[in-house]
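Peer 1: Counting from 1, position 20 in the sequence shown corresponds to residue 188 in the numbering used here; the numbering is continuous, with no gaps.
Sharing a structure below in structure tokens format, with a few things to ask.
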Amino acid sequence: MARIPVSQTQLTPVVLGVVRIVVGLLFAFHGLQGFGAFGGMDGQGAGAPLGAWPAWWASVIELGGGVLVMLGLGTRGAALICSGAMAYAYFTVHQPLALLPLQNMGETAALYAWVFLLIAVAGPGRFALSGLLRRRAAERVERVPAGV
Numbered sequence: 169m170a171r172i173p174v175s176q177t178q179l180t181p182v183v184l185g186v187v188r189i190v191v192g193l194l195f196a197f198h199g200l201q202g203f204g205a206f207g208g209m210d211g212q213g214a215g216a217p218l219g220a221w222p223a224w225w226a227s228v229i230e231l232g233g234g235v236l237v238m239l240g241l242g243t244r245g246a247a248l249i250c251s252g253a254m255a256y257a258y259f260t261v262h263q264p265l266a267l268l269p270l271q272n273m274g275e276t277a278a279l280y281a282w283v284f285l286l287i288a289v290a291g292p293g294r295f296a297l298s299g300l301l302r303r304r305a306a307e308r309v310e311r312v313p314a315g316v
């Protein structure tokens, strides 16, 4: 069977796009948990009280930011906000308990902060709705006759 060569430049945007979708989906689920879904914040179905700082607002950022990142809409900005929210969570909730993430149960927050920072810097990769919307807008501009 013949091997089809795939270059790193071809593969990187695809892998980045898949990682963005998976991470965004998982983060959105985490946000839903703050509203009582999937067992809630305590495993018994409890959600954050409306407007409560920081739990309710964190859930809003996690759900909204996760969905935007997953879909690839406003990806860089949404990922930067998600990264900052997880860095805030790490340093205010986890780090005071112990120095290292393994000791303070902050591994998830630390990983989300760094992965979202990577997505904010690298961009959405493939399969982003923003790219599709840009292409459709460009096609509409091309169809408009000159002088109109």
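Beta carbons: idealized from backbone N, C-alpha and C, even for Gly.
Computed from a prediction, not measured in an experiment: that's the story for all the values here.
Within the chosen definition, does the segment 283-290 reach the segment 245-258 through at least 3 CB pairs nearer than 8 Å?
Peer 2: Contact holds: three or more Cβ-Cβ distances are below 8 Å.
Peer 1: Can you list, in chain order, the stretches of the alpha helix (DSSP H) that have 4 or more residues and sit fully within the segment 215-287?
Peer 2: Counting whole runs of 4 or more residues, the segment 215-287 contains the alpha helix (DSSP H) stretches 223-239, 243-257 and 269-272.
Peer 1: Hey, is W225's beta-carbon within less than 8 Å of any beta-carbon in chain D?
Peer 2: Given the protein chain composition of this structure (a single chain), no chain D is represented.
Peer 1: Pick out whichever of G252, S298, F295 and R294 has its Cα sitting closest to the Cα of A277.
Peer 2: The residue with the shortest Cα to Cα distance from A277 is G252.
Peer 1: Looking at the structure shown, is G208 part of a helix, part of a strand, or coil, going by DSSP?
Peer 2: Three-state DSSP puts G208 in a strand.
Peer 1: When you compare each of L239, E275, M254 and M273 to G184 by their alpha carbons, which one comes out closest?
Peer 2: One detail in the question is off: residue 184 reads as Leu in this sequence, not Gly. Measuring from the Cα of L184, the nearest candidate turns out to be L239.
Peer 1: Would you report the Cα separation of F197 and V235, rounded to the nearest angstrom?
Peer 2: Cα to Cα, F197 sits roughly 9 Å from V235.
Peer 1: So, at 7 Å on beta carbons, what are the nonlocal neighbours of F206 in its own chain, with the 5 sequence-adjacent residues on each side left out?
Peer 2: So the qualifying residues of the chain are F197 and L200.
Peer 1: Under DSSP, the alpha helix (DSSP H) around S298 begins and ends at which residues?
Peer 2: Element bounds for S298: L297 to R311.
Peer 1: So V190 is in the alpha helix (DSSP H); what residue range does that whole segment cover?
Peer 2: Start and end: Q176 to Q201.
Peer 1: Looking only at its own chain, which residues have a Cβ that is under 7 Å from the Cβ of L241, when we skip the five neighbours before and after it?
Peer 2: Hits under 7 Å: L297 and S298.
Peer 1: Measure the beta-carbon distance from M209 to G202 and round it to whole angstroms, keeping in mind my assumption that it falls under 8 Å.
Peer 2: Rounded, the Cβ-Cβ distance is 6 Å, consistent with contact.
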